[in-house]
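My numbering applies: residue 617 is where the sequence shown begins, and numbers increase by one.
Using N, Cα and C, we set each Cβ at its ideal position, and we do this for glycine too.
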Amino acid sequence: MVQPLTYFKESASQTAGPYVHIGCTPNFSGITGVYETDLGSGPMVNDKTRGERITIRGFVYDGAMTPLKDALIEIWQADADGFYNSPSETRGKADPNFLGWARCPGDMQTGEFVFETIKPGRVPFRDGRLMAPHVTFWIVARGINLGLNTRMYFSDEEQANAEDPILSRIEHRVRVPTLIGKREGDTVTFNIYLQGENETIFFDI
């Protein structure tokens with residue numbers, strides 16, 4: 617019997633649960649034989665990649681300051697010259713030896729994520745002003761219905777950060793440090809806080 621259209625209602629929104637790992641990183645989840653490697657798990661750089669090598673590492677913390685052990689993080693960024701590895705890049709030719717995108721599930725024991733990449737170059741804002749070097753993050757995990765977007769800037773780029781057209785628009789200046797990765801040598805530490813006093817700024821894009 618045909619049912620009236622009002623009978624079928626939209627399903628309630630659900631959090632990512634374990635399915636994001638099964639779908640995005642099956643090998644990491646123990647499901648082998650589907651894909652040789654998980655998409656985005658390979659190296660972003662090789663021995664021909666231009667730019668300064670860095671390691672980005674950090675944790676995603678919940679409101680109780682507990683590291684999430686089931687978070688999945690993606691990053692994308694420009695190459696060392698400020699060009700994106702994308703068909704929509706029209707300003708110049710991106711480094712063919714730099715992928716520009718990667719995906720990393722947090723360690724299931726500690727929650728730590730790690731990316732081996734390069735420090736990106738400056739990219740122009742839509743009005744032509746140069747943005748400070750930054751890496752874009754996308755985060756999904758338990759309790760998150762829609763992926764969260766944020767950025768990581770660099771603590772050793774104080775002048776560029778002061779000129780950045782995105783950072784300068786943040787009204788509550790005390791929250792700007794939540795977007796700054798702390799650099800020590802070739803390691804940049806960037807922790808993401810979902811709630812609480814140090815809640816990271818997330819972008820509606």
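Asked	Found
DSSP beta-bridge partners of isoleucine 755	Ile689 and Leu764
Cβ pair count under 8 Å reaching 3, the segment 673-685 against the segment 648-656	no
Beta carbon proximity, valine 804 to chain C, threshold 8 Å	Of the protein chains in the structure, only one exists, and it is not chain C.
Secondary structure of glutamate 652, DSSP reduced to three states	coil
Distance between cysteine 640 and asparagine 777 (C-alpha atoms, nearest Å)	33 Å
Other residues of its chain near valine 636: CB distance less than 6 Å, five sequence neighbours each side excluded	Leu688 and Val756
Between the CA atoms of proline 749 and isoleucine 734 - distance to the nearest angstrom	11 Å
Cross-strand partners of proline 781 (DSSP beta bridge)	Paired residue(s): none; proline 781 is not in a bridge.
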